[in-house]
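Each residue of the sequence shown is one higher than the one before, starting from 1027 at the first, in the numbering used here.
Comments concern the structure below.
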Amino acid sequence: MPEFLKTVGAARFGVMAGVAAVLTAFFLYIAGAITEPPKTILFSGLESRDAAAVTGKLDGMAVKYDVKDGGTILVPADQVTKLRMALAQDNLPAAGVGYEIFDKSDAFGTTAFVQNINHQRALEGELSRSMQTIEGIQAARVHLVVPEQQIFARTEQQPSASVVLKTAGRMDRGQVQAIQHLVAAAVSGLSADRVAIVDDRGNLLAGGDDKSGPDALARNQDEDTTNYENGLRQRVEAIVTSIVGAGRVQVQVAADINYNHTQTTSESYDPDSKV
């Protein structure tokens, strides 16, 4: 080695070593870029608070991601569905995207298709925000299906919607119907009976307007249970409040009512019988 240095020279050897290091780093970068899976959009148009929360969660999950324009997050394409479900369980993104999405886009440089998509996303976000102002609803997600209008189509496809709610307790039938009408009123051509609602525990709160059958029976039983729970909770709160004072009581009631067992009491009178 010393003889090689004498022959080549220390300065020239240093240059050769530097070039070799640069080439090695370059080839490693190329190899990494080739083997890295393609990325696709996980969320776009996020507010800074939501973007920070999502990237923090991705860091904790050891997921590689890229951030563009502050509010667009890209992740490996084969993980998008799984990541969206995992983040949805943590109510992320929390705020959703509303009509402010149009403040961040150039209307003159946007195609009609993208404009329609943005309008639908904005409407979903605004509806979610409106629902979260209702007492008892902690988080909400709205998904709209609005078919493209076909001029020469013989049958017109009807729009539909699905809503996922995270609630602090049971919702009565009136609240569920109010949410259905809220969504239906915001979408042209959408009827309330085409708005399906489920809670974060997987319970179907609304899925149609059928007045009979097992689904209607289950809804009536749920409503009866909710009314019983609310009545019992109010009575317990009134009793305990009279003892400890107002504002110092919090009562939660979870009733398990057996609808499979019935008890019937009847009285009959036979006019021909002798006393």
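Positions of the beta carbon are idealized from the N, C-alpha and C atoms, including for glycine.
Please read these numbers as outputs of a predicted model, since none were measured by experiment.
Buried versus exposed call for residue i [16 or more other C-beta atoms within 10 Å across all chains shown]
{"i": "N1142", "result": "exposed"}
{"i": "L1072", "result": "buried"}
{"i": "S1074", "result": "exposed"}
{"i": "L1097", "result": "The sequence given here places Gly at residue 1097; Leu does not occur at that position. So G1097 counts as buried."}
{"i": "Q1077", "result": "In the sequence as presented, Gln is not what sits at residue 1077; that position holds Ala. Buried: at least 16 other Cβ atoms inside 10 Å."}
{"i": "L1216", "result": "buried"}
{"i": "E1150", "result": "buried"}
{"i": "Q1201", "result": "buried"}
{"i": "N1144", "result": "buried"}
{"i": "V1306", "result": "There is simply no residue 1306 to check, as the chain begins at 1027 and stops at 1301 in what is shown."}
{"i": "V1048", "result": "exposed"}
{"i": "P1119", "result": "buried"}
{"i": "V1101", "result": "buried"}
{"i": "V1213", "result": "buried"}
Three-state secondary structure assigned by DSSP to residue i
{"i": "E1293", "result": "coil"}
{"i": "L1072", "result": "coil"}
{"i": "I1283", "result": "coil"}
{"i": "D1092", "result": "strand"}
{"i": "V1266", "result": "helix"}
{"i": "L1118", "result": "coil"}
{"i": "V1275", "result": "coil"}
Cβ-based neighbour list, residue i, same chain, cut-off 7 Å, excluding 5 preceding and 5 following
{"i": "T1252", "result": "R1196, D1198"}
{"i": "T1267", "result": "V1275"}
{"i": "T1193", "result": "G1162, I1163, Q1164, D1225"}
{"i": "V1279", "result": "E1255, L1258, R1259"}
{"i": "D1116", "result": "K1083"}
{"i": "Q1183", "result": "P1173"}
{"i": "K1065", "result": "D1092, L1100, V1101, P1102, A1103"}
For residue j and residue i, believed in contact at Cβ under 8 Å, the rounded distance
{"i": "Q1206", "j": "A1165", "result": "No, Q1206 and A1165 are not in contact; Cβ-Cβ is about 18 Å, not under 8 Å."}
{"i": "V1093", "j": "Q1105", "result": "That belief does not hold up - the Cβ atoms of V1093 and Q1105 are roughly 16 Å apart, past 8 Å."}
{"i": "A1187", "j": "V1221", "result": "5 Å"}
{"i": "A1204", "j": "A1210", "result": "11 Å between Cβ atoms; not a contact."}
{"i": "P1063", "j": "A1103", "result": "7 Å"}
Neighbourhood of residue i by C-beta, 6 Å cutoff - its chain only, sequence neighbours within 5 removed
{"i": "Q1158", "result": "A1166"}
{"i": "V1168", "result": "E1150, L1153, S1154, V1189"}
{"i": "D1095", "result": "none"}
Same chain, Cβ closer than 8 Å to residue i, five either side skipped, listed in chain order
{"i": "I1099", "result": "I1067, L1068, F1069, S1070, L1072, A1077, V1080, T1081, L1084, Y1091, D1092, V1093"}
{"i": "D1250", "result": "I1283"}
{"i": "S1156", "result": "L1208"}
CB contact check: residue i to chain D, cutoff 9 Å
{"i": "L1068", "result": "Among the chains of the structure shown, chain D does not appear; only one protein chain is present."}
*Which full runs of the alpha helix (DSSP H) of 4+ residues lie inside the stretch 1147-1233, going along the chain?*
1199-1212
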